[in-house]
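Enquirer: Questions regarding the structure given below will be posed in turn.
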Amino acid sequence: MAGRIEDYALIGDMQTAALVCRDGTVDWLCLPRFDSHAIFAGLLGTEEHGFWRLGPAHASDAPPPRAARRAYRGDSLILESEWDTPRGTVRVTDFMPPRDGAPQLIRIVEGVSGRVPMRSTLRMRFSYGRVVPWVHKHEGRTVAVAGPDSVWFDTDCETYGKSLTTYADFTVAPGDRIAFTISWEPSHKQPPPLPEPEQSLQATEDFWREWVEHCTYHGPYREAVIRSLITLKALTYAPTGGIVAAPTTSLPEDIGGVRNWDYRYTWLRDAAITLSSLLRTGYREEARAWREWLLRAVAGDPENLQIMYGIAGERELGEAELDWLPGYENSAPVRVGNGAAHQLQLDVYGEVTEALHLGHMTGLARNDYASILQLKLIRYLEDHWNEPDEGIWEVRGPRRHFVHSKVMAWVAVDRTIKLIESGDADGPLERWRELRDDIHRDVCEKGYDKERNTFTQSYGSKELDASLLLIPQMGFLPPDDKRVIGTIEAIQRELSTTDGFILRYPTSGGDEGVDGLPGDEGAFLACSFWMADDLAMIGRVDEARKLFEKLLSLRNDLGLLAEEWDPRLQRQVGNFPQAFSHVPLIDTALRLTASGAYGG
């Protein structure tokens, strides 16, 4: 059985990522890309669907021992786990070197004290656990082949096969260092080069040290901010600049339920807000790469902007269910692909325009086509901003006039007006100023409940929505506007959990509700960070700081956050780690630091 979501560590090479459990088991790895088929899919099934465990030997009828300590090595993505056993202490170092060739996952076992019996158990199952590969020896190396894929297993240890699994049994003493590596290569090509684990370890450590040195944030929450930035960098697909929302699929928002989605794609919204955080902490190169990715993905068809694309800009992300996988803790179905790709979500135009605007304001080198794209997006919005859509939360119910979507349409027009006013683009300035005023007036008249003094989820509804917390952050209304304060206080009353965290919107708890889905979900962590931001903006800075620090306490021992927090089960839920949780963490830390609202 897979571990709790917070039991996992992330390692990756900025093209794919693995999740390593506290007991030394790699339960998730897709090769060669984030969105490739998994060779270890035990996370969403059982050990029969693929895993790689490396740790102290234990009785077959006992659970594998959990590491007594684990941490990333400094500010890096190199995981170090230590086990204390009756026979001594052992350390395992796991990492994936930033690649210039075959993707590799390297695990180095090091004896610390005593003599510790160890075991490596490698069960590769291709195509998300469905295909048992042909495992054989080739010039002294172990290789697993199935269709277009081959995975090469290299170690100096003696290995043996049993029950379609590759084992290695060995003992380590102080000073011993024994490496294990798997490398992927297309099966029709020559074998990948022999790995050089120690050199790769040093190169990986150097890479992360040099990257972190560019961070311009040195405030009181630096540890949390750096770890979030490293996580966001790990979710960036280096060859194209695309940023995945998470490296996993179908980790449930509702344990045992159906709210299970594939997040291994580039949502324009998530990527745009990620770009915002990177820019404000000194990372312009990532911003430039993402802008280039955006221009390629949208090229030639900006009027049909999708809400998400593949990591290389692919448009077709057809959704399917993998019925041979029972799902994480029996949360079925397991989905790959995402049918929401072709939804109409008008807020995306605002997020993309805001990201381009921020790049412009922070000195990102001018790109003429980016300005042309921005103007084309606004021309589309001129004709479509007043249509109903599926909204920020990708509801699978009927389209509505979501207030947040209208607000972000206003943002898109407002930022484009600023671009024209700066002299870096030409456009119908007066016409778009009128459009900006029209959208603003429409929202304030149709999306605001005067009796309750709050904006609502959609025109004519009584429901609230945490995305309304972005109204002051986007500059749609000033923080001291009574309608803003009323909305913040209404969301606190009606969408807070007993822990004080924020739900996205009311869910049905049983029958299908506004999102067209049965069941409930946890508190959405991004929304809770937004609440902390808003509280700081309206002067309730002590309350903001307390909420922020409470949110920081939800991170696992390695500083990682999933998408949501389940207040009933007191555990993380949803895909993991989630960019949409780590970005607002950074943003709130910056805001609280600027306001001096932090404890000693």
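For the sequence shown, our numbering assigns the number 25 to the initial residue and increments by one for each residue that follows.
Glycine included, each C-beta is placed from N, C-alpha and C at the ideal position.
These numbers were taken from a predicted model, which means no experiment stands behind them.
(1) Which stretch, first to last residue, makes up the beta strand (DSSP E) that contains TRP589?
(2) Write down the C-beta distance between TYR373 and LEU329 rounded to the nearest angstrom, noting that I regard them as a contact closer than 8 Å.
(3) Looking at C-alpha atoms only, which residue of ILE132, ASP85, HIS384 is the closest neighbour of PRO121?
(4) Quick check on the burial criterion: 16 or more other C-beta atoms within 10 angstroms. Buried or exposed for GLU536?
(5) For the candidate residues GLY524, ILE463, LEU571, ASP558, whose alpha-carbon lies nearest to that of LEU370?
(6) When you compare only the Cα positions, how much space is there between GLY533 and THR189?
(7) Can you give, in chain order, each stretch of the alpha helix (DSSP H) that sits fully within the stretch 330–416 and has at least 4 residues?
(8) Quick check on this structure: which residue in SER100, ALA91, ASP118 has the alpha carbon closest to the alpha carbon of ASP108?
(9) From GLU567 to THR521, what distance separates their C-alpha atoms?
(10) Identify the continuous alpha helix (DSSP H) that holds PHE150 and give its terminal residues.
(11) Determine the DSSP secondary structure at THR228, reduced to helix, strand or coil.
(12) Identify, in the order they occur along the chain, each residue of the same chain with its Cβ nearer than 7 Å to the Cβ of ALA560, setting aside the five sequence neighbours on each side.
(13) How is LEU14 classed by DSSP in three states: helix, strand or coil?
(14) Out of GLN128, ASP611, VAL136, ALA86, which one is the CA nearest neighbour of SER105?
(15) Using 10 angstroms around the beta-carbon of TRP285, count the other beta-carbons present and answer buried if the total reaches 16, otherwise exposed.
(16) Just how far apart, CA to CA, sit GLU222 and PHE119?
(17) Please state the DSSP three-state secondary structure of GLY534.
(18) In angstroms, rounded to a whole number, what distance separates the CA positions of ARG460 and ILE267?
(19) Roughly how many whole angstroms lie between the Cα atoms of PHE500 and ARG143?
(20) Mind checking which residues open and close the beta strand (DSSP E) that includes HIS162?
(21) Compare the Cα-Cα distances from HIS82 to each of VAL140, TRP554, THR228 and report the closest residue.
(22) Smallest Cα separation from VAL337: which of LEU492, TRP291, LEU349?
(23) Considering only residues of the stretch 172–260, which uninterrupted alpha helix (DSSP H) runs meet the minimum length of 4 residues and lie entirely inside it, listed in chain order?
(24) Skipping 5 residues on each side, what residues in its chain have a beta carbon closer than 6 Å to that of GLY623?
(25) Quick one: measure Cβ to Cβ for PHE604 and ASP294, integer angstroms, because I've assumed they're closer than 8 Å.
(26) How is GLN596 classed by DSSP in three states: helix, strand or coil?
(27) Using three-state DSSP, classify VAL467 as helix, strand or coil.
(28) By DSSP's criteria, LEU129 is part of a beta bridge. Which residues make up the other side?
(29) For ASP590 and GLY524, I'd like the C-alpha separation in whole angstroms.
(30) If you measure between the beta carbons of PHE194 and ARG147, is that distance less than 9 Å?
(31) Would the beta-carbon of THR480 fall within 9 Å of that of ILE495?
(32) Any contact between the stretch 198–210 and the stretch 174–187? By contact I mean 3 or more CB pairs, one from each, below 8 Å.
(33) Please report the residue range of the beta strand (DSSP E) in which PRO141 lies.
(34) Can you pull the DSSP bridge partners for ASP118?
(35) Let's test the definition: count the other Cβ atoms within 10 Å of the Cβ of ARG475 and tell me whether it reaches 16, buried, or not, exposed.
(36) Pairing CB atoms from the stretch 29–39 with CB atoms from the stretch 573–586, are three or more of them under 8 Å?
Expert: According to the structure shown:
(1) Counted from its first residue, the sequence shown places residue 589 at position 565. First-last of the beta strand (DSSP E) with TRP589: 588–590.
(2) Position 349 of the sequence shown, counted from the first residue, corresponds to residue 373. Position 305 of the sequence shown, counted from the first residue, corresponds to residue 329. So it is a contact: roughly 7 Å between Cβ atoms.
(3) On the sequence shown, residue 121 is found 97 positions in, with the first residue counted as 1. The shortest Cα separation from PRO121 among ILE132, ASP85, HIS384 belongs to ILE132.
(4) Position 512 of the sequence shown holds residue 536. Caution is warranted here: a pLDDT of 44 is assigned to GLU536, below 50, making its placement in the model unreliable, and the coordinate value is therefore given only provisionally. Exposed, since its Cβ has fewer than 16 Cβ neighbours within 10 Å.
(5) Sequence index remark: in the sequence shown, residue 370 carries index 346 (1-based). The option with the nearest alpha carbon to LEU370 is ILE463.
(6) Locating residue 533 in the sequence shown gives position 509, counting from the first residue. Locating residue 189 in the sequence shown gives position 165, counting from the first residue. Residue placement at GLY533 is poorly supported in this model, since its pLDDT is 47, which falls under 50; the coordinates still yield a value, given next. C-alpha of GLY533 to C-alpha of THR189: approximately 43 Å in a straight line.
(7) 371–385, 392–408
(8) As a first step, residue 108 must be located in the sequence shown, where it is residue number 84. Nearest option by C-alpha distance: ALA91.
(9) Within the sequence shown, the letter at position 543 stands for residue 567. Within the sequence shown, the letter at position 497 stands for residue 521. GLU567 and THR521: Cα-Cα distance of roughly 16 Å.
(10) What you label residue 150 is simply residue 126 of the sequence shown in a count that begins at 1. PHE150 -> alpha helix (DSSP H) spans 150–153.
(11) Looking up residue 228 in the sequence shown gives position 204. Helix, per DSSP.
(12) Locating residue 560 in the sequence shown gives position 536, counting from the first residue. Cβ within range, chain order: ALA568, ARG615, LEU616, SER619, ALA621.
(13) For residue 14 there is no data in the structure shown, the boundaries of the chain being 25 and 624.
(14) As a working mapping, residue 105 is identified with position 81 in the sequence shown. It is VAL136.
(15) As a position in the sequence shown, residue 285 is number 261, starting the count at 1. The residue is buried, with at least 16 neighbouring Cβ atoms inside 10 Å.
(16) As a working note, residue 222 is residue 198 in the sequence shown. As a working note, residue 119 is residue 95 in the sequence shown. The straight-line gap from Cα to Cα measures roughly 11 Å.
(17) Within the sequence shown, residue 534 is the residue found at index 510, counting from 1. Unreliable placement is indicated for GLY534, whose pLDDT of 41 sits below 50; the coordinate value is still reported in the next sentence. Correct three-state label for GLY534: coil.
(18) Here residue 460 refers to the residue found at position 436 of the sequence shown. Here residue 267 refers to the residue found at position 243 of the sequence shown. Cα-Cα distance, rounded: 30 Å.
(19) Reading the sequence shown from its first residue, position 476 is the one you call residue 500. Reading the sequence shown from its first residue, position 119 is the one you call residue 143. Distance between the alpha carbons of PHE500 and ARG143: 59 Å.
(20) Numbered from 1 along the sequence shown, position 138 holds the residue referred to as residue 162. Unbroken beta strand (DSSP E) run through HIS162: 158–162.
(21) Stepping through the sequence shown from its first residue, residue 82 is reached at position 58. Looking at the Cα atoms, VAL140 is the closest of the given residues.
(22) Residue numbering aside, residue 337 sits at position 313 when the sequence shown is read from its first letter. Looking at the sequence shown, residue 337 is not Val but Gly. If we check each option's Cα against that of GLY337, TRP291 comes out closest.
(23) 221–236, 246–258
(24) Here residue 623 is taken as the residue at index 599 of the sequence shown, counted from 1. Confidence is the limiting factor: at GLY623 the pLDDT is only 49, short of 50, which leaves the residue's position unreliable and the question unanswerable from this model.
(25) Counting from 1 along the sequence shown, the entry for residue 604 is found at position 580. Counting from 1 along the sequence shown, the entry for residue 294 is found at position 270. PHE604 to ASP294, Cβ: 5 Å. Contact.
(26) In the sequence shown, the residue the question calls residue 596 occupies position 572. Here GLN596 sits in strand by DSSP.
(27) One-based indexing of the sequence shown puts residue 467 at position 443. Looking at VAL467 - three-state DSSP - the assignment turns out to be helix.
(28) Taking the sequence shown and counting its residues from 1, one reaches residue 129 at position 105. According to DSSP, which records beta bridges pairwise, LEU129 is partnered with ILE206.
(29) The residue given as residue 590 occupies position 566 in the sequence shown. The residue given as residue 524 occupies position 500 in the sequence shown. Distance between the alpha carbons of ASP590 and GLY524 is about 12 Å.
(30) In the sequence shown, residue 194 corresponds to position 170, counting from 1. In the sequence shown, residue 147 corresponds to position 123, counting from 1. Cβ distance not < 9 Å, so PHE194 and ARG147 don't count as in contact.
(31) Against the sequence shown, residue 480 aligns to sequence position 456. Against the sequence shown, residue 495 aligns to sequence position 471. No, they are not a contact pair.
(32) Flag = yes, the stretch 198–210 and the stretch 174–187 touch.
(33) Locating residue 141 in the sequence shown gives position 117, counting from the first residue. Unbroken beta strand (DSSP E) run through PRO141: 140–147.
(34) Translated into the one-based positions of the sequence shown, residue 118 becomes position 94. Note: ASP118 sits in a beta bridge opposite LEU103, ARG131.
(35) Translated into the one-based positions of the sequence shown, residue 475 becomes position 451. First, the amino acid is wrong: residue 475 is Glu here, not Arg. With fewer than 16 other Cβ atoms within 10 Å, it is exposed.
(36) yes
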